[in-house]
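Note that full-length UniProt numbering numbers the sequence shown so that position 27 is 27, with each residue one more than the last.
Where is the CB? At the ideal position from N, CA and C, for every residue including glycine.
Just so we're clear, the structure is a prediction, and the values are computed from it rather than from any experiment.
Notes follow the structure.
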Amino acid sequence: MIDNLLSVRTNIATIYIRTAFRQHPEKALEVLASAREVEDYADAFAELDYGIFRGLAFASGNPIYGLILNGMKGLYTRLGRHYFSSPEARSLALGFYPSTD
Numbered sequence: 001m002i003d004n005l006l007s008v009r010t011n012i013a014t015i016y017i018r019t020a021f022r023q024h025p026e027k028a029l030e031v032l033a034s035a036r037e038v039e040d041y042a043d044a045f046a047e048l049d050y051g052i053f054r055g056l057a058f059a060s061g062n063p064i065y066g067l068i069l070n071g072m073k074g075l076y077t078r079l080g081r082h083y084f085s086s087p088e089a090r091s092l093a094l095g096f097y098p099s100t101d
């Protein structure tokens, strides 16, 4: 289930993230800046991860991407808590989110 959710997220994210940075780069950078403020526990990372992808989806200017993620929020959050219960997963996530410095 986790693999399927990540696959869907990744496949559509390649579209809306590129569009967000082309159409609204300031908003996209603002969304990514939130990654610097996360506390080191599973719930915080699950919320951060969802918030970053949702924020970038809406920053693309096409609200349908954000609405798709809204529809997946419950499952996304539950699976995210499980995934981010691993300190290694949290560390990998911090390396995945690009720095805005």
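Between the Cα of residue i and those of the options, spot the shortest distance and give me the residue it belongs to.
i: Pro-25; options: Leu-67, Ser-34 and Ser-60; result: Ser-60
i: Met-1; options: Arg-90, Tyr-83 and Leu-92; result: Tyr-83
i: Ile-64; options: Glu-37, Leu-48, Ser-7 and Ile-15; result: Ile-15
i: Lys-27; options: Ser-91, Ile-52 and Arg-90; result: Ile-52
i: Asp-3; options: Leu-79, Arg-36 and Glu-88; result: Leu-79
i: Arg-90; options: Asn-62, Gly-66, Val-38 and Ala-13; result: Val-38
i: Tyr-50; options: Arg-36, Glu-88 and Gly-66; result: Gly-66
What does the alpha-carbon distance come out to for the pair residue i and residue j?
i: Arg-81; j: Tyr-97; result: 18 Å
i: Val-31; j: Ser-86; result: 24 Å
i: Thr-77; j: Leu-29; result: 23 Å
i: Ser-34; j: Val-8; result: 23 Å
Roughly how far, in whole angstroms, is the beta-carbon of residue i from the beta-carbon of residue j, given that I think they are within contact range, below 8 Å?
i: Leu-94; j: Leu-5; result: Between Leu-5 and Leu-94 the Cβ distance is about 20 Å, and since that is not below 8 Å, they are no contact.
Per the contact definition of three or more C-beta pairs closer than 8 Å, is the segment 61-74 in contact with the segment 39-48? no
contact_flag[the segment 5-23, the segment 50-67] where n(CB pairs < 8 Å) is 3 or more: yes
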